[in-house]
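Chemist: Could you have a look at this structure, given as structure tokens, before my questions?
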Amino acid sequence: MGHLRLPDGRVLHTIERPWIPDKEAGSKPFKSCVPDGPYDLVPHHGDDWTETWALVNPALKVWHYEKDMDGAGRYACLFHPANWVENVVGCIGPGLARTIFRDRDELGVTSSQAAMNILRNMLHPGARGHRLIIQPHPGARISQDG
496 MGHLRLPDGR VLHTIERPWI PDKEAGSKPF KSCVPDGPYD LVPHHGDDWT ETWALVNPAL
556 KVWHYEKDMD GAGRYACLFH PANWVENVVG CIGPGLARTI FRDRDELGVT SSQAAMNILR
616 NMLHPGARGH RLIIQPHPGA RISQDG
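So in our numbering, the last spot in the sequence shown is 641, and the numbers never skip.
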């Protein structure tokens, strides 16, 4: 789970799979999120998801379409509505908040469709020139005194 800080300062929460490194593909296709780094957000209109964006960075072996691939790698890593990790296979699902869904006993994000609408209103479907930088969150740390 992560945070998505928008240009206007708002923060959305995200659900994605954990990163699993892969020497050939950069990360495990269909089992892992994409690695940290900069990505171009390329407009995407497909059969399953429309008015969204694909994450693209050839240096990290992340491509828009399978036909674009130059050897091993990932493709069709998209933003799309998703509440639980089972809803994403290498993609990112935005939400308005994090929660534990008690009926499922599972972490997830809420109001994913509303969060997608915020992204669409801010980025405008079809618009180019947007960039996403994925970086690790400092999270909890253990320190030793002395």
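All residues carry an ideal CB built from backbone N, CA and C; glycine is no exception.
Note that the structure is a prediction, hence the values are computed from the model and not measured.
#1: Measuring alpha carbon to alpha carbon, tell me which residue in Ala567, Thr509 and Val604 is nearest lysine 518.
#2: Output needed for serine 606: all residues of its chain with C-beta closer than 8 angstroms, excluding positions within five of it in sequence on either side, in chain order.
#3: When you compare each of Pro502, His539 and Gly624 to cysteine 586 by their alpha carbons, which one comes out closest?
#4: With a threshold of 16 other CB atoms inside 10 Å of the CB of methionine 617, please say whether the residue is buried or exposed.
#5: Measure the Cβ-Cβ separation of tryptophan 544 and histidine 508 and say whether it is below 8 angstroms.
#6: The beta strand (DSSP E) spanning alanine 549 covers which residue range?
#7: Beta strand (DSSP E) containing leucine 499: first to last residue?
#8: Beta-carbon within less than 7 angstroms of valine 580's beta-carbon, same chain only, minus the 5 sequence neighbours each way: which residues are those?
Modeler: To lay it out plainly:
#1: Residue numbering aside, residue 518 sits at position 23 when the sequence shown is read from its first letter. Comparing Cα positions, the closest option is Ala567.
#2: Within the sequence shown, numbered from 1, the residue matching residue 606 stands at position 111. Closer than 8 angstroms at Cβ, skipping near neighbours: Gly590, Leu591 and Ala592.
#3: Position 91 of the sequence shown, counting from 1, holds the residue named residue 586. The shortest C-alpha separation from cysteine 586 is found at His539.
#4: In the sequence shown, residue 617 corresponds to position 122, counting from 1. Result: exposed.
#5: Walking along the sequence shown from the start, residue 544 turns up at place 49. Walking along the sequence shown from the start, residue 508 turns up at place 13. Their beta carbons are not under 8 angstroms apart, which means tryptophan 544 does not touch histidine 508 by this criterion.
#6: Within the sequence shown, residue 549 is the residue found at index 54, counting from 1. Element bounds for alanine 549: 547 to 551.
#7: For the purposes of this step, residue 499 is identified with residue 4 of the sequence shown, where counting begins at 1. From DSSP, the beta strand (DSSP E) with leucine 499 extends over 497 to 500.
#8: The residue you call residue 580 lines up with position 85 of the sequence shown. Within the same chain, valine 580 has close Cβ partners Ile510 and Arg512.
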